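One structure is given below, encoded as structure tokens.
Protein chains: 2
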Amino acid sequence: MTDTSGHRNSVTASPAFIDRLRERFGDDALNTGDAIRQQHGTSEAYFADALPDAVLFARSTGDVADLVKMCAAQGVPVVAFGAGTSIEGNALPVQGGVSVDLSQMDAILAVNADDFDCTVQAGVRREQLNEYLRDTGLFFPIDPGANATIGGMASTRASGTNAVRYGTMREAVLALTIVTADGKAITTARRARKSAAGYDLTRLFVGSEGTLGIITEVTLRLHPIPETISAAVCGFETLQGAVDTVVQSIQCGIPLARVEILDDRQMAAVNAWSKLDYPEVTTLFFEFHGSPGGVAEQVEIVRDLSNANGGGDFQWSNLPEERAKLWRARHEAYYAAVNVRPGAVGWATDVCVPISRLPECLVQTKADLEKSSIPATILGHVGDGNFHVVFSIDPNAPEEMAEVKAINERLVARALAMEGTCTGEHGIGLGKQDALIAELGEAVDVMRLLKRALDPQNIMNPGKIFALDMQ
Amino acid sequence: MTDTSGHRNSVTASPAFIDRLRERFGDDALNTGDAIRQQHGTSEAYFADALPDAVLFARSTGDVADLVKMCAAQGVPVVAFGAGTSIEGNALPVQGGVSVDLSQMDAILAVNADDFDCTVQAGVRREQLNEYLRDTGLFFPIDPGANATIGGMASTRASGTNAVRYGTMREAVLALTIVTADGKAITTARRARKSAAGYDLTRLFVGSEGTLGIITEVTLRLHPIPETISAAVCGFETLQGAVDTVVQSIQCGIPLARVEILDDRQMAAVNAWSKLDYPEVTTLFFEFHGSPGGVAEQVEIVRDLSNANGGGDFQWSNLPEERAKLWRARHEAYYAAVNVRPGAVGWATDVCVPISRLPECLVQTKADLEKSSIPATILGHVGDGNFHVVFSIDPNAPEEMAEVKAINERLVARALAMEGTCTGEHGIGLGKQDALIAELGEAVDVMRLLKRALDPQNIMNPGKIFALDMQ
């Protein structure tokens with residue numbers, strides 16, 4: 002774990018300061034209770050708890066702006082919190098200060114169905130949005146598994162199962178309302194589908210993990226619900242055969258909507274956790290979107306490729322409730338994998354490589370895992386070249402943590418050697434700071450210059466992504 | 002026109018400095034001849050000439066880095082130059098200094114056909130790249146009309162005719178090599194299809210018009226050449242009918258590859274310039290990509306919509322050479338429009354609005370143009386909500402320039418009132434600086450902070466996008 006304490010330059014919120022916050026925001030919104038602080042100081046992953054001094058439940062962009070102004074005047078850190086589902090410690094207030102919880106900012110402000118876009122407050126969750134949109138014939142495709150907030154997904158540049166066809170939050174966000182480190186609210190772009198108007202502030206803030214400003218509203222691209230949606234599950238004799246099927250499908254230009262790999266151990270965990278009875282072999286979960294004719298064309302080609310690579314029969318799920326069951330199992334895969342041991346904590350890795358290197362990256366990783374006694378599964382968004390290893394770690398066995406750290410370092414080094422990235426979608430947070438430097442070298446200094454320019458006091462989610470000292 | 006002289010804080014290259022450049026780069030590469038300086042100090046649009054003190058024909062990233070280091074030591078401006086086809090004065094060295102011409106850096110460094118990507122030097126032109134790629138079955142879709150350099154296209158966030166299906170340079174660029182203002186070379190990302198590794202430097206430099214650093218290499222996403230490509234031209238009784246057809250096609254989710262509008266005057270200009278005999282009515286140019294079945298499905302729906310909106314017969318161009326002729330006519334449309342008067346200069350506007358607002362925006366703009374006596378045509382990438390008015394201006398009639406300026410200001414105000422942008426694809430350069438502030442307000446101050454952080458001496462293409470003083 003990266004030590005961030007050496008870069009602490011912010012101050013803890015004093016009791017007098019918290020009193021002033023309480024005066025401005027009221028007892029309902031400003032909370033210093035132990036349980037609430039604990040909830041905002043714990044992550045879903047293996048990081049040590051780090052509690053905020055107070056939690057503000059913001060109700061408006063104005064609340065966030067006022068909070069940031071007050072914190073800026075004192076040098077107190079501000080850390081945005083959405084659903085708390087990130088897994089690199091991205092929202093942990095490691096230098097104390099105020100957690101600003103955006104979950105009550107959950108209004109859907111506008112749906113422009115004719116333009117395939119909508120504007121929502123940052124605390125709207127993706128499932129809530131899709132439920133709201135259902136009658137419009139549109140949907141929001143980005144699906145990281147967890148029922149995250151849209152603001153959190155933008156902050157970590159999330160993607161997930163649909164990204165192979167519909168892109169990531171990088172492509173999905175049209176515009177943002179941001180509270181900057183001096184407490185001003187800006188809007189980064191208009192609602193036009195494309196623009197060449199100055200620097201791309203939207204993309205700068207997407208993925209900046211709250212370190213440059215706080216996202217309070219998001220304008221999103223939407224997509225028409227396809228006329229035909231077909232989902233299928235297919236087991237393979239070998240990991241190599243499954244991943245070769247994916248790579249060849251992509252190289253044929255098949256517009257797969259989703260293609261997920263789950264290895265034999267992950268399938269066993271899914272069966273146990275979700276009470277299913279899939280064969281416990283490496284399996285692909287597919288989803289095809291399009292016109293009836295278009296889907297039929299896609300399926301025919303992919304089935305031929307699958308047969309040639311040792312795939313079994315396709316088990317189809319064409320009814321909405323069957324598909325929902327299938328994808329629920331996929332979405333619970335992380336919890337299924339962590340909970341193969343009671344009381345375990347999870348560590349999810351997250352590399353992404355060029356698709357041509359994916360088979361060797363996966364096969365080498367699987368071989369490395371087989372040398373370890375720690376339960377570990379492979380699952381991933383293989384159409385993008387992105388996959389995760391999920392470890393189930395005994396929190397009372399420090400040697401397990403050390404072993405996983407070493408396996409993860411080998412995995413990141415393997416991905417970087419293949420021109421890949423240390424994180425496809427989880428972000429850097431606390432856990433990948435050394436890997437970021439290994440990946441991008443002096444470019445990280447350019448990031449530092451940007452951070453210093455936009456947050457000169459280092460109050461916005463301090464201690465994340467990189468240490469501030471130049472290389 | 003925005004006055005940038007008040008923000009000049011850079012120094013002209015002294016004769017002694019130019020001697021040192023000549024010593025380092027040699028007479029072949031470092032040129033101070035009048036003709037070459039003139040070529041690098043003229044734009045395709047209505048801006049006054051602004052000549053560099055010298056032109057360096059760079060041969061490598063190392064050349065660019067050394068030049069920037071030498072210029073930084075003296076505070077001399079550095080302005081990147083590709084093919085010189087930008088039309089907002091983006092590459093004019095308005096504060097003098099050195100133009101660095103990247104056109105000789107035209108090597109295609111790698112094509113990774115299995116990963117649908119390639120890496121090229123910044124001076125490679127898009128037609129050269131597509132010719133090179135032909136045997137791989139892949140193509141680079143971004144097509145702004147002009148045979149621009151890839152570096153220039155990245156710098157202005159170019160898009161063009163294929164963007165409705167394939168996106169803009171924002172989506173097409175996977176990674177950049179940048180020479181920063183201190184003369185270091187950095188690479189912004191790896192070759193993975195997606196990444197959440199820190200700030201999105203790639204998207205920050207795409208569209209920054211050389212004001213934050215100089216792009217010397219570009220890694221691009223490629224796409225498979227579709228199995229079936231069909232192009233068609235269709236004339237309409239009314240402008241409204243043509244644009245309604247486009248909007249309804251997009252709203253039906255038809256994955257149009259290209260859909261271009263040319264109004265009656267533009268068609269007359271095209272006929273005269275390209276020696277064609279299309280009916281001189283508002284016309285849509287379509288291109289459909291997909292499998293044979295997929296294209297047939299698309300065509301059927303679009304033809305029905307077109308018939309319902311007063312469209313005539315589709316004239317098909319399915320053979321490659323017929324398609325090339327059709328799109329050549331479209332690409333020459335700017336020159337055709339400017340040259341309806343001999344000796345005229347061009348002024349191309351460039352707004353983009355949400356697609357639902359496009360019909361009223363186009364109809365109101367057409368009505369405004371009809372009140373003017375200055376020749377003007379409408380053409381645009383209407384699938385994105387983006388269109389241009391091209392004026393043909395007598396350079397010796399200052400009242401014409403003033404009238405066009407007023408029409409353009411009304412057009413920008415109309416687009417902004419419809420939640421659109423003042424530039425879909427041409428960038429800000431010199432011509433849209435006031436419009437940028439009208440569009441984004443205080444967000445421009447955030448851009449200024451970024452510029453000051455990455456280019457503290459203001460030597461990288463100074464005077465472009467915005468004045469440096471905070472609002």
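If you're matching them up, the sequences are chains E and D in order.
Note that our numbering has the first sequence beginning at 2, numbered continuously upward.
Note that our numbering has the second sequence beginning at 2, numbered continuously upward.
Just so you know, even glycine gets a beta-carbon here, dropped at the ideal spot from N, CA and C.
Bear in mind that the values here come from a model prediction, so they are computed numbers and not experimental data.
Using a beta-carbon distance below 8 Å, is E:I143 in contact with chain D?
Position 142 of the first sequence, counting from 1, holds the residue named residue 143 of chain E. By this cut-off, E:I143 is not an interface position.
Please classify D:S15 as buried or exposed, where buried requires at least 16 neighbouring CB atoms within 10 angstroms.
Numbered from 1 along the second sequence, position 14 holds the residue referred to as residue 15 of chain D. With fewer than 16 other CB atoms across the displayed protein chains lying within 10 angstroms of its CB, D:S15 is exposed.
Nearest candidate by alpha-carbon position, reference E:V296, set E:G425, E:D20, E:P227, E:V352:
Against the first sequence, residue 296 of chain E aligns to sequence position 295. Nearest option by C-alpha distance: E:P227.
For the candidate residues E:T137, E:Y336, E:D456, E:L175, whose alpha-carbon lies nearest to that of D:G421?
Here residue 421 of chain D refers to the residue found at position 420 of the second sequence. Closest in alpha carbon position to D:G421, among E:T137, E:Y336, E:D456, E:L175, is E:L175.
Are the region 241–259 of chain E and the region 159–166 of chain E touching, with three or more C-beta to C-beta distances below 8 Å?
Contact holds: three or more Cβ-Cβ distances are below 8 Å.
With distances taken from CA atoms, which of E:L103, E:G27, E:G76, E:P343 is nearest E:S61?
What you label residue 61 of chain E is simply residue 60 of the first sequence in a count that begins at 1. Here the closest residue by C-alpha is E:L103.
Under 7 Å (Cβ pairs) to chain D, residues found in the region 225–253 of chain E:
When CB distances to chain D are screened at a threshold of 7 Å, the residues of the region 225–253 of chain E falling below it are P225, Q252, in chain order.
C-beta atoms of D:A81 and D:N459 nearer than 8 Å:
In the second sequence, residue 81 of chain D corresponds to position 80, counting from 1. In the second sequence, residue 459 of chain D corresponds to position 458, counting from 1. Not closer than 8 Å, so no.
Check E:Q365 in the structure and name its three-state DSSP category.
Working through the first sequence from its first residue, we reach residue 365 of chain E at position 364. Looking at E:Q365 - three-state DSSP - the assignment turns out to be helix.
Quick one: what's got a C-beta closer than 6 Å to D:L47's C-beta in the same chain, skipping five residues either side?
Position 46 of the second sequence, counted from the start, is the residue given in the question as residue 47 of chain D. Note that residue 47 of chain D corresponds to Tyr in the displayed sequence, not to Leu. Non-local beta-carbon contacts of D:Y47 in its own chain, meaning distances under 6 Å to residues more than five positions away in sequence, involve V346, W348 in chain order.
Take D:S275 and list the residues in its own chain whose beta-carbon comes closer than 6 Å to its own, dropping the five residues that flank it on each side.
Locating residue 275 of chain D in the second sequence gives position 274, where the first residue counts as 1. The answer, listed in chain order, is A330, E333.
Classify E:M2: buried if its beta carbon has 16 or more other beta carbons within 10 angstroms, exposed otherwise.
Working through the first sequence from its first residue, we reach residue 2 of chain E at position 1. Note that E:M2 scores a pLDDT of 34, beneath 50, so its modelled location is shaky and nothing firm can be said.
Would you list the one or two residues that DSSP bridges to D:Q458?
Walking along the second sequence from the start, residue 458 of chain D turns up at place 457. Partner(s): none; D:Q458 has no beta bridge.
Endpoints, the alpha helix (DSSP H) within which D:A155 is located
Taking the second sequence and counting its residues from 1, the one referred to as residue 155 of chain D is at position 154. Annotation: the continuous alpha helix (DSSP H) that includes D:A155 extends over 151–156.
Alpha carbon to alpha carbon, how far is D:T43 from D:G90? Give it in angstroms, no decimals.
For this step, residue 90 of chain D is matched to residue 89 along the second sequence. For this step, residue 43 of chain D is matched to residue 42 along the second sequence. So the alpha carbons of these two residues sit roughly 8 Å apart.
List, in order along the chain, the chain D residues whose C-beta lies closer than 7 Å to that of E:L110?
Position 109 of the first sequence, counted from the start, is the residue given in the question as residue 110 of chain E. Those do not exist, as E:L110 stays about 13 Å from chain D at its closest Cβ, beyond 7 Å.
According to DSSP, is D:T169 helix, strand or coil?
Here the question's residue 169 of chain D lines up with position 168 in the second sequence. In the three-state reduction of the DSSP assignment, D:T169 falls in the coil class, being assigned neither a helical nor a strand state.
Using 8 Å as the Cβ pair cut-off and three pairs as the minimum, do the region 215–231 of chain E and the region 93–113 of chain E touch?
The region 215–231 of chain E is in contact with the region 93–113 of chain E.
Assuming E:L359 and E:V390 make a contact with CB atoms under 8 Å, what is their CB distance in whole Å?
The residue labelled residue 359 of chain E in the question sits at position 358 within the first sequence. The residue labelled residue 390 of chain E in the question sits at position 389 within the first sequence. The pair is not a contact, with the Cβ atoms about 14 Å apart (cut-off 8 Å).
Spatial neighbours of E:F206 within its chain, please: CB distance less than 7 Å, with the 5 preceding and 5 following residues excluded, ordered by chain position.
Along the first sequence, read from residue 1 onward, the residue named residue 206 of chain E stands at position 205. Taking C-beta separations shorter than 7 Å and ignoring five residues to either side along the sequence, the partners of E:F206 in its chain run L177, I179, T189, L213, G214, I216, following chain order.
So D:T239 and D:T283 are in contact, right, with Cβ under 8 Å, and what is the actual spacing, rounded?
Taking the first residue of the second sequence as position 1, residue 239 of chain D is located at position 238. Taking the first residue of the second sequence as position 1, residue 283 of chain D is located at position 282. Indeed, because the Cβ distance is near 7 Å, the residues count as touching under 8 Å.
Which runs of the alpha helix (DSSP H) at least 4 residues long sit entirely within the region 273–321 of chain E? Give them in chain order.
With a minimum length of 4 residues, the continuous alpha helix (DSSP H) runs that stay inside the region 273–321 of chain E are 293–309.
By how many angstroms is the C-alpha of E:K367 removed from the C-alpha of D:N319?
Locating residue 319 of chain D in the second sequence gives position 318, counting from the first residue. Locating residue 367 of chain E in the first sequence gives position 366, counting from the first residue. In a straight line, the C-alpha of D:N319 is about 49 Å away from that of E:K367.
Below 9 Å on C-beta distance, what does D:G295 contact in chain E?
Taking the first residue of the second sequence as position 1, residue 295 of chain D is located at position 294. Within 9 Å Cβ-Cβ: G291, S292, G294, G295, E298.
Identify each residue in the region 24–56 of chain E for which the Cβ-Cβ distance to at least one residue of chain D is less than 9 Å, and report them in chain order.
Taking 9 Å as the Cβ-Cβ cut-off against chain D, none of the residues of the region 24–56 of chain E qualify.
For E:N387, which residues in chain D fall below 7 Å Cβ to Cβ?
Position 386 of the first sequence holds residue 387 of chain E. Per Cβ cutoff of 7 Å: K195.
Closer than 8 Å by beta-carbon distance: list the chain D residues that pair up with E:N113, in chain order.
Against the first sequence, residue 113 of chain E aligns to sequence position 112. Near E:N113 (Cβ distances below 8 Å), the residues of chain D are P355, S357.
What are the boundary residues of the beta strand (DSSP E) that E:I216 is part of?
To locate residue 216 of chain E, count along the first sequence from 1; it is residue 215. Its beta strand (DSSP E) spans residues 214–222.
Spell out the partners DSSP gives D:Q39 in its beta bridges.
Mapped onto the second sequence, residue 39 of chain D falls at position 38. For D:Q39, no pairing in a beta bridge is given by DSSP.
What are the residues in the region 361–383 of chain E lying within 8 Å of chain D by C-beta distance?
Flagged: no residues at all.
Buried or exposed (CB count within 10 angstroms, at least 16 for buried), E:L469
For this step, residue 469 of chain E is matched to residue 468 along the first sequence. The residue in question, E:L469, is exposed, as its Cβ has fewer than 16 Cβ neighbours within 10 Å.
Going along the chain, which residues of its own chain have a beta-carbon closer than 6 Å to the beta-carbon of E:G83, five neighbours each way excluded?
Here residue 83 of chain E refers to the residue found at position 82 of the first sequence. Around E:G83: L103, T150, G152, G153.
For E:N148, the residue or residues it bridges with in DSSP:
Taking the first sequence and counting its residues from 1, the one referred to as residue 148 of chain E is at position 147. Partner(s): none; E:N148 has no beta bridge.
Using CA atoms only, rank isn't needed, just tell me which of D:V248, D:D265, D:S292 is closest to D:Y279.
Counted from its first residue, the second sequence places residue 279 of chain D at position 278. Selected option, being the one with the closest Cα: D:D265.
Skipping 5 residues on each side, what residues in its chain have a beta carbon closer than 7 Å to that of E:F26?
Numbered from its first residue, the first sequence carries residue 26 of chain E at position 25. Closer than 7 Å at Cβ, skipping near neighbours: L57, D64.
Rounded to a whole number of angstroms, what is the C-alpha to C-alpha distance between D:A49 and E:D435?
As a working mapping, residue 49 of chain D is identified with position 48 in the second sequence. As a working mapping, residue 435 of chain E is identified with position 434 in the first sequence. If you draw a straight line from the Cα of D:A49 to the Cα of E:D435, it is about 50 Å long.
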